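Per this note's numbering, the sequence shown starts with residue 14, numbered consecutively. Below you'll find the structure, written out as structure tokens, and then a few comments.
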Amino acid sequence: MLFPPALRQLMQQLERLPGVGARSAQRLALYLIRRPEEEVMRLAESLVQARERTRLCQRCFFLSEGDLCELCQDPSREADTLCVVADPRDVVALERLEQYRGLYHVLHGLISPAEGVQPEDLKLRELVERIRTEHPREVILATPANVEGDATALYIARLLKPMGVRVTRIAYGMPVGGELDYADAATLGYALSGRQEL
Numbered sequence: 014m015l016f017p018p019a020l021r022q023l024m025q026q027l028e029r030l031p032g033v034g035a036r037s038a039q040r041l042a043l044y045l046i047r048r049p050e051e052e053v054m055r056l057a058e059s060l061v062q063a064r065e066r067t068r069l070c071q072r073c074f075f076l077s078e079g080d081l082c083e084l085c086q087d088p089s090r091e092a093d094t095l096c097v098v099a100d101p102r103d104v105v106a107l108e109r110l111e112q113y114r115g116l117y118h119v120l121h122g123l124i125s126p127a128e129g130v131q132p133e134d135l136k137l138r139e140l141v142e143r144i145r146t147e148h149p150r151e152v153i154l155a156t157p158a159n160v161e162g163d164a165t166a167l168y169i170a171r172l173l174k175p176m177g178v179r180v181t182r183i184a185y186g187m188p189v190g191g192e193l194d195y196a197d198a199a200t201l202g203y204a205l206s207g208r209q210e211l
């Protein structure tokens with residue numbers, strides 16, 4: 014490669030980021046070296062600060078700079094509903110809807126024996142403890158509609174059943190405006206089995 018060693022190293026590091034391939038890494042690296050030094054230094058400082066300051070909320074395991082995240086500190090949240098998600102990005106997606114006002118519990122993964130992820134690798138022990146201490150009325154399982162998401166939801170439902178809490182799972186199916194003939198069999202099957210009475 015014709016690029017100097019330092020630039021090649023930057024490209025290699027950028028390529029390690031999710032969703033960044035070799036060409037994108039090259040484009041980003043060339044963009045960054047053309048930017049004013051103070052702008053690049055602010056970016057580098059922001060990366061270091063985000064890494065140093067960001068930690069997991071002690072209650073729900075979402076991202077926070079303190080012991081508790083903003084959601085857990087918000088007294089207007091409905092404490093009787095707990096939505097279980099796999100990843101912090103899922104919290105952001107649900108919050109973007111501005112429809113759910115309950116609390117969250119982030120598992121930080123899904124059960125996946127193929128990838129070596131077992132139930133004990135997730136924040137399940139902490140979930141059970143939260144149910145015991147906070148006594149939510151309902152636990153909503155918002156895991157993906159795939160093998161790992163289904164396995165995790167089923168495992169959690171069985172785990173929580175003896176505790177007497179209502180366990181539900183978000184519905185899956187046809188997107189708004191979707192045509193039936195374009196839907197795959199799994200999506201159409203979920204939509205049919207999750208139908209609602211009118």
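Every residue, glycine too, gets a C-beta built ideally from N, C-alpha and C. It should be emphasised that the depicted structure is a prediction, and the values quoted were computed from it without experimental measurement.
- Taking a 10 Å sphere around the C-beta of residue 118, we find 16 or more other C-beta atoms and assign the residue as buried.
- With contacts defined as CB atoms closer than 9 Å, residue 133 and residue 92 fail to qualify as a contacting pair.
- When the alpha-carbon of residue 101 is set against those of 166, 112 and 68, the nearest one is in 68.
- Check the Cα spacing between residue 73 and each of 83, 199 and 169: the tightest is with 83.
- Counting every other CB atom within 10 Å of its CB across the protein chains shown gives residue 181 a total below 16, marking it as exposed.
- Within the segment 39-67, no run of beta strand (DSSP E) reaches 3 residues while sitting entirely inside it.
- Just measuring C-alpha positions, the residue of 46, 115, 39 and 86 sitting nearest residue 98 is 115.
- Residue state for residue 178 is assigned as coil, using DSSP reduced to three classes.
- If you ignore the 5 residues before and after residue 39, its C-beta comes within less than 7 Å of the C-beta of 24, all in its own chain and listed in chain order.
- Residue environment analysis places residue 206 among the exposed positions, since fewer than 16 neighbouring C-beta atoms fall within 10 angstroms of its C-beta.
- Counting along the chain, residue 115 sits inside the beta strand (DSSP E) bounded by residues 115-119.
- In the DSSP assignment, the residues bridged to residue 77 are 68.
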